[in-house]
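Residue numbers (the working numbering), protein chains in the order written: chain S, 1 to 253; chain Y, 1001 to 1253.
By construction, the Cβ of each residue, glycine as well, lies at the ideal position given by its N, Cα and C atoms.
There are 2 protein chains.
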Amino acid sequence: MIKIVIIGSGNVAQHLIMAFAKSKEIVVSQVFSRRKETINHLIDSKKITADFNDLAEADLYIISVSDDAISEVSSQLAFENRLVVHTSGSVAIDSLDSKNRKGVFYPLQTFSKNKAVDFSTIPICLESENESDYELLEKVAQSISKNTYKINGDQRKSLHVAAVFVNNFVNHLYHIGNEICIENKVSFDVLKPLILETANKVLSLSPKDAQTGPAIRNDKHTIEAHLDFLTNENQATLYKLLTQSIQKNGKEL
Amino acid sequence: MIKIVIIGSGNVAQHLIMAFAKSKEIVVSQVFSRRKETINHLIDSKKITADFNDLAEADLYIISVSDDAISEVSSQLAFENRLVVHTSGSVAIDSLDSKNRKGVFYPLQTFSKNKAVDFSTIPICLESENESDYELLEKVAQSISKNTYKINGDQRKSLHVAAVFVNNFVNHLYHIGNEICIENKVSFDVLKPLILETANKVLSLSPKDAQTGPAIRNDKHTIEAHLDFLTNENQATLYKLLTQSIQKNGKEL
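Following this line, the structure appears as structure tokens:
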């Protein structure tokens, strides 16, 4: 059995605890948390500690705290030369204190407190300083997911930025669609099949080939009608800029 | 049996021909097309005509041509007082020639030539001038879809604008994500589970509640790191504007 200690009790930490609970090769032997109440429904409370000096010996320490706290937490660990990883998409491997062996274990997904996720489909991006540590990380990742990737620091940074576009920004466009529906007394439900199909389409078509709509057709009449319709200035500004961006891109073909 | 004549042979017309072929209450008795070769794999070629004077008598005429051509096509019909509808999200019902009874039959979905769609889940937005025509349109729509909606002209216009945001613009953000992956030699596949989960999330959560990421957290450190990373000016401009838009919106809470 591979022994893991998880440091942190936020969204990602909680989903990891649940995912490892189903694995036969992994045991979460301890969780560090100052907020015991957030996780005592997920793990035996005797396994929870709030004292860095009390951390058990393990094969792997997963620091899953806010980006800003990773460096500080890693320097507070009271041991040396063990394998310590963080779970962040945007923090460099070298932010971890160098008294331990460093690595990254980044599950690229959006986690919500109230929504279960199927961890087996989540890509896990792995990085380490040496090959034997990488093998351990890969074994741990493969015990909970079918999709593991060797990703270096620069690639991980690029994935994190790309993820902001395809997740955070996309969700904001859903929000604007919802706002327009509310303002015009139409149910947002009417748009949901379109939202799903738009996502499903790029599983098999490249987004460039999947592009449709007035911008790529350069249908000036429709674009003007839409801009007339959008009295909300913020919505109109986004409409213009995204239309221009689609058209610029079309020309690069 | 309800007899339908479809005028046009583009993407939407083709998908309608296929959907009605499975319906037991509807028969497509004729299709008008000047490009016979685009549809003769879908329907008996004897049912295809390219002559407006040759159009058969039917309960419903569906004009499914480009937005700009709808008005002109409707005025070329050589009969009067029959039910004639178009399939556009952005064209007013009154663009149809008033010698016939007018209506709208707008399937809100993105149609690609090479990708089959399950019509049963596609919302169909209906509008007509009188109640008995509406009942017929509803019967026709329900024979191919579970989701039919009574939507007036203004509501349809708003749905069309909202659809540009949640479909065309969202797809463009997928494209930018893909570009970033290509530039940094990472597979776009890594992002696909995230894309699907982001879409699935808003089926049960409102987009406002589903919003995550550096913008809504006002995580200035990460936002600056991302802007440093984005050397492509167009990508950086979109990143800034979408970040500002998310933050403005958060404040309205």
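When the distance is taken between beta carbons, is residue j closer than 8 angstroms to residue i?
i                       : j                       : result
residue 104 of chain S  : residue 135 of chain S  : no
residue 1009 of chain Y : residue 1033 of chain Y : yes
residue 1230 of chain Y : residue 161 of chain S  : yes
residue 26 of chain S   : residue 2 of chain S    : yes
residue 1013 of chain Y : residue 1064 of chain Y : yes
residue 145 of chain S  : residue 119 of chain S  : yes
residue 59 of chain S   : residue 4 of chain S    : yes
residue 238 of chain S  : residue 1203 of chain Y : no
residue 101 of chain S  : residue 129 of chain S  : yes
residue 1215 of chain Y : residue 232 of chain S  : no
residue 158 of chain S  : residue 1180 of chain Y : yes
residue 250 of chain S  : residue 1165 of chain Y : no
residue 1073 of chain Y : residue 1048 of chain Y : no
residue 1092 of chain Y : residue 1153 of chain Y : yes
residue 186 of chain S  : residue 1108 of chain Y : no
residue 85 of chain S   : residue 77 of chain S   : no
Does the CB of residue i have a neighbour CB from chain S at under 8 angstroms?
i                       : result
residue 1106 of chain Y : no
residue 1172 of chain Y : yes
residue 1027 of chain Y : no
residue 1086 of chain Y : no
residue 1250 of chain Y : no
residue 1048 of chain Y : no
residue 1072 of chain Y : no
residue 1093 of chain Y : no
residue 1175 of chain Y : yes
residue 1016 of chain Y : no
residue 1206 of chain Y : yes
residue 1180 of chain Y : yes
residue 1030 of chain Y : no
residue 1237 of chain Y : yes
residue 1064 of chain Y : no
residue 1005 of chain Y : no
residue 1165 of chain Y : yes
residue 1112 of chain Y : yes
Could you give the residue range of the beta strand (DSSP E) that holds residue i?
i                       : result
residue 1086 of chain Y : 1083–1086
residue 1127 of chain Y : 1124–1128
residue 6 of chain S    : 2–7
residue 105 of chain S  : 101–107
Where do the N-terminal and C-terminal ends of the alpha helix (DSSP H) with residue i fall, by residue?
i                       : result
residue 224 of chain S  : 220–229
residue 166 of chain S  : From DSSP, residue 166 of chain S is part of no alpha helix (DSSP H); its letter is neither H nor E.
residue 139 of chain S  : 131–142
residue 151 of chain S  : Looking at the DSSP string, residue 151 of chain S is not in any alpha helix (DSSP H), and its letter there is neither H nor E.
residue 1012 of chain Y : 1011–1021
Within 8 angstroms (strictly less), CB to CB, does residue i reach chain Y?
i                      : result
residue 253 of chain S : Residue confidence for residue 253 of chain S is low, a pLDDT of 43 falling below 50, so the modelled location carries little weight; the figure read from the coordinates is stated next. No, because no Cβ of chain Y sits closer than 8 angstroms to the Cβ of residue 253 of chain S.
residue 67 of chain S  : yes
residue 197 of chain S : yes
residue 169 of chain S : yes
residue 8 of chain S   : no
residue 126 of chain S : no
residue 123 of chain S : yes
residue 185 of chain S : yes
residue 96 of chain S  : no
residue 309 of chain S : Given a span of 1 to 253 for chain S in the structure shown, any question on residue 309 of chain S remains unanswerable.
residue 12 of chain S  : no
residue 99 of chain S  : no
residue 38 of chain S  : no
residue 76 of chain S  : no
residue 297 of chain S : A query on residue 297 of chain S cannot be resolved here, the shown segment of chain S reaching from 1 to 253 and no further.
residue 201 of chain S : yes
residue 220 of chain S : no
residue 213 of chain S : yes
Which residues of the segment 222–233 of chain S have a Cβ closer than 8 angstroms to any Cβ of chain Y? Give them in chain order. 222, 225, 226, 229 and 230
Item to complete: Scan the segment 1025–1094 of chain Y and note each continuous beta strand (DSSP E) run of 3 residues or more that stays entirely inside, going in chain order.
Response: 1026–1032, 1060–1063 and 1083–1086
TODO: Give, in chain order, every unbroken run of the beta strand (DSSP E) that is at least 3 residues long and sits entirely within the segment 1178–1218 of chain Y.
DONE: none
Taking a Cβ distance cut-off of 8 angstroms, strictly less, list which residues of the segment 135–161 of chain S are near chain A, in chain order.
-> No chain A is part of this structure, whose protein chains are labelled S and Y.
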